[in-house]
Each structure stands twice: as structure tokens, then as C-alpha cells.
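Mapping to our numbering: the sequence shown position 9 is 11, numbers consecutive.
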Amino acid sequence: MNLIMNDNMNSGADTKRVTVSLPSYIYDRLIKRVPERQVSRFVAGLLEEKLIVQKKQITDPIKDFVDLRSKLPKVSDKKIFAAIRKGRM
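Listed below in C-alpha cells is the structure:
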């Protein structure tokens, strides 16, 4: 199945042709759900949504901080408070 995708399907912006192999059951569901002349727009929209969600997950600063913190050595609360007090003097 050939799909034409671009950054903004409605604007007629630059497009790239992509050939995609799909399992038969997915192809059958796609054809039943999406009109023949709208498959590219439908697939491009789904991919765009998926990429936006992934980008948000990757660049979530709070999640990145928590992940980083779990990789660092454990420091006791006592040492943390001592460092804070020392910095305030």
C-alpha cells in the first residue's frame, strides 16, 4: 500500500511517498474504516499524533528529573539539609 504523507496534509506542503507493509488484518480494518481516497491523510494524522505523544513523553522535564535521580547515588536527608544550610550562610 502506498501512502503519501507530509507535515500538514491540508496545506499541500512538501510530501514524501512511503511504501508500508501491513498485516492483512490491519489492512482490512483500515479499508473498512477509511474511504479509499483518504487513507494517506488518515495514516498521516495517526502518525503525527503518535509522534507528538512520544515527543511529550521523551521531553517531560519532571520525568527526566525523576529518572535521573533514580540513577544517582542515594544521599541521606541529613546530608541534603546540611548542604542547604551551608549554602544559606
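Heads up, the beta-carbon is just placed ideally off N, CA and C, and yes, glycines get one too.
Less than 8 angstroms between C-beta atoms, sequence neighbours within five positions excluded: which residues of the same chain meet that for Glu38? Residue 38 sits at position 36 when you count from the first residue of the sequence shown. So the list is empty, once near-sequence residues are dropped.
In terms of residues, what are the limits of the alpha helix (DSSP H) holding Ser20? For the purposes of this step, residue 20 is taken as residue 18 along the sequence shown, with counting starting at 1. Per the sequence presented here, residue 20 reads as Val, with Ser not at that position. No alpha helix (DSSP H) contains Val20, which is instead part of the beta strand (DSSP E) from Thr17 to Thr21.
Would you please state the rounded distance, in angstroms, between the beta carbons of Val41 and Leu32? I believe it to be under 8 angstroms. Within the sequence shown, the letter at position 39 stands for residue 41. Within the sequence shown, the letter at position 30 stands for residue 32. Correct: roughly 7 angstroms between the Cβ atoms.
Residue burial classification, Ala85 (beta-carbon count within 10 angstroms, cutoff 16): Within the sequence shown, residue 85 is the residue found at index 83, counting from 1. Flag for Ala85 reads exposed.
Cβ neighbours of Glu50 in the same chain (closer than 6 angstroms, five flanking residues each side left out): In the sequence shown, counting from the first residue as 1, residue 50 sits at position 48. Counting only Cβ-Cβ distances below 6 angstroms, and skipping sequence neighbours, we find nothing.
Tell me the start and end of each unbroken alpha helix (DSSP H) in the stretch 34-91 that is at least 4 residues and wholly inside, in chain order. Assignment of alpha helix (DSSP H) within the stretch 34-91, counting only whole runs of 4 or more residues, yields 41-60, 63-73 and 79-90 in chain order.
Roughly how many whole angstroms lie between the Cα atoms of Lys81 and Arg43? As a working mapping, residue 81 is identified with position 79 in the sequence shown. As a working mapping, residue 43 is identified with position 41 in the sequence shown. Taking the straight line from one Cα to the other gives about 56 angstroms.
Please identify the residue among Ala46, Asp79 and Asp69 whose C-alpha is closest to the C-alpha of Thr17. Locating residue 17 in the sequence shown gives position 15, where the first residue counts as 1. With distances taken between Cα atoms, Thr17 lies closest to Ala46.
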